[in-house]
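Asker: Per this note's numbering: the sequence shown = residues 453 to 770.
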Amino acid sequence: MSEQRKRPSSLEELGFSSTIVKKLRDAGVTTVEALAIANASELSQILGMPITTVQRMINTARNALNLGFKTALELKKERVSLPKITTGSRNLDNLLGGGVEVKNMTEFFGEFGSGKTQICHQLSVNVQLPPEKGGLGKKAVYIDTEGTFRWERIEAMARALGLDPDKVMEDILYVRAVSSDHQMAIVEELHNIIAKENIGLVIVDSVTGHFRAEYPGRENLAARQQKLNKHLHQLASLAELFNVAVVITNQVMARPDVFYGDPTMAVGGHVLYHTPGVRVYLKKSRGSRRIARIVDAPHLPESETVFAITDEGIRDPE
Ligand code: GTP
Ligand code: MG
453 MSEQRKRPSS LEELGFSSTI VKKLRDAGVT TVEALAIANA SELSQILGMP
503 ITTVQRMINT ARNALNLGFK TALELKKERV SLPKITTGSR NLDNLLGGGV
553 EVKNMTEFFG EFGSGKTQIC HQLSVNVQLP PEKGGLGKKA VYIDTEGTFR
603 WERIEAMARA LGLDPDKVME DILYVRAVSS DHQMAIVEEL HNIIAKENIG
653 LVIVDSVTGH FRAEYPGREN LAARQQKLNK HLHQLASLAE LFNVAVVITN
703 QVMARPDVFY GDPTMAVGGH VLYHTPGVRV YLKKSRGSRR IARIVDAPHL
753 PESETVFAIT DEGIRDPE
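1. With respect to 6 Å, is the separation between the Cβ of K648 and the closest non-hydrogen atom of the ligand MG below this value?
2. Tell me which residues share the same chain as R611 and place their Cβ nearer than 8 Å to its Cβ, disregarding the 5 neighbours each side in the sequence.
3. Taking the C-alpha atoms as reference points, what is the distance between R664 and G562?
4. Looking at the structure shown, is T523 part of a helix, part of a strand, or coil, going by DSSP?
5. How big is the Cα-Cα spacing for L466 and N491?
6. Closest to G739 by CA distance: which of N578, V730, R477, F759 is it?
7. Output the boundary residues of the beta strand (DSSP E) element that contains D596.
8. How many whole angstroms separate the CB atoms of H573 and I606, which I take to be in contact at a CB cut-off of 8 Å?
9. Quick one: Cα of R542 to Cα of I655, how far?
10. Can you find a heavy atom of the ligand MG that lies under 6 Å from the Cβ of K736?
11. At a cut-off of 6 Å, would you count S566 as near the ligand GTP, judging by its Cβ distance to the nearest heavy atom?
12. Three or more C-beta pairs under 8 Å: does that hold for the region 587-606 against the region 618-631?
13. Using only alpha-carbon positions, find the residue among S755, E622, G540 that is nearest to M609.
14. Do the CB positions of L734 and F521 come within less than 7 Å of each other?
15. Say the cut is 6 Å; is the CB of D478 nearer than that to a heavy atom of the ligand GTP?
16. Would you identify the three-state DSSP class for V630, choosing helix, strand or coil?
17. What alpha helix (DSSP H) runs, 4 residues minimum, are completely inside the region 554-596?
18. With a threshold of 6 Å (Cβ to nearest heavy atom), would T558 be considered close to the ligand MG?
19. Pick from S631, H751, K474, L548: whose alpha carbon is nearest that of K528?
20. Q497 to I503, Cα distance in whole Å?
21. Taking the continuous beta strand (DSSP E) assigned at I743, which residues delimit it?
22. Sorry if obvious, but does the Cβ on I761 come closer than 6 Å to a heavy atom of the ligand GTP?
23. With a cut-off of 8 Å on the beta carbons, I'd call E692 and K555 a contact; round off their distance for me.
Right under this line is the structure:
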């Protein structure tokens, strides 16, 4: 079936005329990826072109991104060859099947202080490592919704890995999202930034904070969930289309008694239940130790492990 070909980096490379490319740009469709996920009927109205023509253009973009049919074997080869980002802890990497996956969304959830933000900091450093050291040799985008990003921590983590801290900080694109709408707009904007800036990892810490604050209480639950689902879908597409790892965090209350079920179900905070990707539940243990447990992952066994938060960053426990 479809062969792996070079990803086109611009609309021109799809073989469209310059008039068409200009029309698309004017309509806000500036990348091949944006065209691939465009809605044919909406776009045909905006462009004033027949829907069949627009559908053909969209298909061209999808095929160029290898989004057409592929065999199960091709799918297998594609998935097993996907690079992973090391967490800094061999235990945690093993739990994740080698590290945080590109082309997928990974959620770290757990109570306050369970290590979600520390893991995000570490990943935004580690993604910059060369592949032979567990990175992608690429930059990170850090969407901070709670104002808990600390450059000092990045500096310390970079130094601990023998990297130039200034260089590492330069390759983390930081943005503070001030509302859920802003957060979603930032993800839209990333479509135009990822390829240009050589981004390998997109972090949203935390993904749920603004949504919870803006839609409090039971009466707002349905509206909140609907909007959050849209955001999660947006993030999952981002991972899939742009070959990046997406990492999100979600604070939940600790319920040790339900650790072996789905811990978020019991506290009524099951907002990210049944979202795509890998879900990792984090739990505080003795001192700097933290327990991580895979929940609800179709391709990973349900198991748990221990890692530590140290001055150097995320590591295996002593
Ligand atoms: P919330 O965002 O509040 O839900 O928590 P979180 O899960 O994001 O927790 P976070 O990742 O911020 O973990 C905080 C913990 O990391 C602290 O309790 C400290 O134990 C540890 N920590 C943070 N900074 C350092 C540091 O510089 N050195 C060491 N050794 N530990 C640190
Ligand atoms: Mg945090």
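Cβ coordinates follow ideal geometry from the N, Cα and C atoms, glycine included.
Answerer: Put simply:
1. Here residue 648 refers to the residue found at position 196 of the sequence shown. No, the ligand MG has no heavy atom inside 6 Å of this Cβ.
2. Taking the sequence shown and counting its residues from 1, one reaches residue 611 at position 159. Hits under 8 Å: P617.
3. Counted from its first residue, the sequence shown places residue 664 at position 212. Counted from its first residue, the sequence shown places residue 562 at position 110. Approximately 15 Å, taken between the alpha carbons.
4. On the sequence shown, position 71 is the one that residue 523 refers to. Coil at T523, not helix or strand.
5. For this step, residue 466 is matched to residue 14 along the sequence shown. For this step, residue 491 is matched to residue 39 along the sequence shown. Approximately 18 Å between the Cα atoms of the pair.
6. As a working note, residue 739 is residue 287 in the sequence shown. Out of N578, V730, R477, F759, F759 has the C-alpha closest to the C-alpha of G739.
7. If you number the sequence shown from 1, residue 596 lands on position 144. Per DSSP, D596 belongs to the beta strand (DSSP E) from 591-596.
8. Against the sequence shown, residue 573 aligns to sequence position 121. Against the sequence shown, residue 606 aligns to sequence position 154. About 6 Å; that satisfies the 8 Å criterion.
9. Stepping through the sequence shown from its first residue, residue 542 is reached at position 90. Stepping through the sequence shown from its first residue, residue 655 is reached at position 203. Their Cα atoms are separated by approximately 21 Å.
10. Position 284 of the sequence shown, counted from the first residue, corresponds to residue 736. Checking every heavy atom of the ligand MG against the Cβ of K736, none is found closer than 6 Å.
11. For the purposes of this step, residue 566 is identified with residue 114 of the sequence shown, where counting begins at 1. S566: yes, Cβ under 6 Å from the ligand GTP.
12. yes
13. As a working note, residue 609 is residue 157 in the sequence shown. For the residues S755, E622, G540, the minimum Cα distance to M609 belongs to G540.
14. Position 282 of the sequence shown, counted from the first residue, corresponds to residue 734. Position 69 of the sequence shown, counted from the first residue, corresponds to residue 521. No, they are not a contact pair.
15. The residue given as residue 478 occupies position 26 in the sequence shown. No; taking the cut-off as 6 Å, the Cβ of D478 has no heavy atom of the ligand GTP nearer than that.
16. Position 178 of the sequence shown, counting from 1, holds the residue named residue 630. Note: V630 maps to coil in three-state DSSP.
17. 568-578
18. What you label residue 558 is simply residue 106 of the sequence shown in a count that begins at 1. No, the ligand MG has no heavy atom inside 6 Å of this Cβ.
19. Your numbering for residue 528 matches position 76 in the sequence shown. Residue H751 is the option with its Cα nearest to K528.
20. Taking the first residue of the sequence shown as position 1, residue 497 is located at position 45. Taking the first residue of the sequence shown as position 1, residue 503 is located at position 51. Going by the C-alpha atoms only, they are around 8 Å apart.
21. Locating residue 743 in the sequence shown gives position 291, counting from the first residue. Taken as a continuous stretch (DSSP letters only), the beta strand (DSSP E) holding I743 covers 741-747.
22. Translated into positions along the sequence shown, residue 761 becomes position 309. I761 Cβ: within cutoff of the ligand GTP.
23. By one-based count along the sequence shown, residue 692 stands at place 240. By one-based count along the sequence shown, residue 555 stands at place 103. Contact flag correct, Cβ pair sits at about 6 Å.
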